[in-house]
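Our numbering numbers the first residue of the sequence shown as 432 and each following residue consecutively. Okay, so here's the structure we're looking at.
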Amino acid sequence: MATIRVTYEPGRILERCQAVLEANKTDILRGIGMIMVSESQDAFKRQEFGGRSWAPRKDVNIFGLIADFAAGRKEPFKRRFQTRPALMDTGQLRMTLNFKVAGDDAVVVGSALPYAEDHQYGGETESEKITEPMQDAIRKWLSGKGKKYEKRLGWLTAPKFTNQTIIGRVHRRRFLGVTKRTIADVEDMIGVTLKEQI
């Protein structure tokens, strides 16, 4: 009879795993960054992050409507009257998500856009200044829309709002963070790295 005896030495296996992870630390951190950015970008399509659905937009996006007229448009975009998709006005926030490896033990994921924090955590927002020419354009647009629109939006043309801004509240819609999906994907990535090198 021929036999071979294999002895399990957990200390040596763990040492080897640790050495592989240490040698691939920067690549692993880059992988974590890519996983997190991908998951965050996917949240915009799914309208949820980490199992929590995002609040819909209001059925009339007053701040977007004001921004449209401030930009010189003769009428607002149709999306100003749609509750979904949230956070997908221009696509800038989703497109600016990125990561960077910070030192030898961390990765930072986010967007440098000034309003990114307001959407991630919720907070206050301020509209563009409502000027007289904007009010004239809003009045002209409303004149062809009927009483329903005039009743809901006519207040924007009132003299007391001339050269004023509107303050409002932004819903918290998380798109950054570590979720169960993040952890599972990182574990899979590390498992593949270990399998390839041990």
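All C-beta atoms in this analysis are idealised placements derived from N, C-alpha and C, irrespective of residue type, glycine included. This structure is a prediction, so every number in the text was calculated from the model and none was measured.
- Message: Tell me whether the region 544-554 and the region 520-530 touch, counting them as touching only if at least three CB pairs, one residue from each stretch, are closer than 8 Å.
- Response: yes
- Sort Tyr552, Gly553 and Ala502 by Cα distance to proline 564 and report the nearest one. Sequence index remark: in the sequence shown, residue 564 carries index 133 (1-based). Residue Ala502 is the option with its Cα nearest to proline 564.
- Message: Taking the beta strand (DSSP E) that glycine 522 belongs to, which residues open and close that run?
- Response: For this step, residue 522 is matched to residue 91 along the sequence shown. Careful: glycine 522 lies outside any beta strand (DSSP E) and carries neither H nor E.
- Residues near serine 471 in its chain [Cβ-Cβ closer than 6 Å; skip 5 each side]: Working through the sequence shown from its first residue, we reach residue 471 at position 40. Within the same chain, serine 471 has close Cβ partners Leu528, Phe606 and Leu607.
- Message: Here's a check: name, in chain order, each residue in its chain whose Cβ is nearer than 8 Å to the Cβ of valine 468, leaving out the five neighbours to either side.
- Response: Taking the first residue of the sequence shown as 1, we reach residue 468 at position 37. Correct list, in chain order: Leu528, Asn529, Phe530 and Val540.
- Look at the Cβ atom of isoleucine 444, then the Cβ atom of methionine 620, and state whether they are nearer than 8 Å. The sequence position of residue 444 within the sequence shown is 13, counting from 1. The sequence position of residue 620 within the sequence shown is 189, counting from 1. Contact: no.
- Query: Where valine 538 and lysine 591 are concerned, what is the direct C-alpha to C-alpha distance, given to the nearest angstrom?
  - Reply: Position 107 of the sequence shown, counted from the first residue, corresponds to residue 538. Position 160 of the sequence shown, counted from the first residue, corresponds to residue 591. So the alpha carbons of these two residues sit roughly 49 Å apart.
- Ignore the nearest five residues each way along the sequence and tell me which others in tryptophan 572's own chain have a CB closer than 7 Å to its CB. Counting from 1 along the sequence shown, the entry for residue 572 is found at position 141. If we look at tryptophan 572 and ignore the five residues flanking it on each side, its Cβ neighbours are Lys505 and Glu506.
- In whole angstroms, what separates the C-alpha of tyrosine 580 from that of threonine 610? Numbered from its first residue, the sequence shown carries residue 580 at position 149. Numbered from its first residue, the sequence shown carries residue 610 at position 179. For tyrosine 580 and threonine 610, the distance between alpha carbons rounds to 42 Å.
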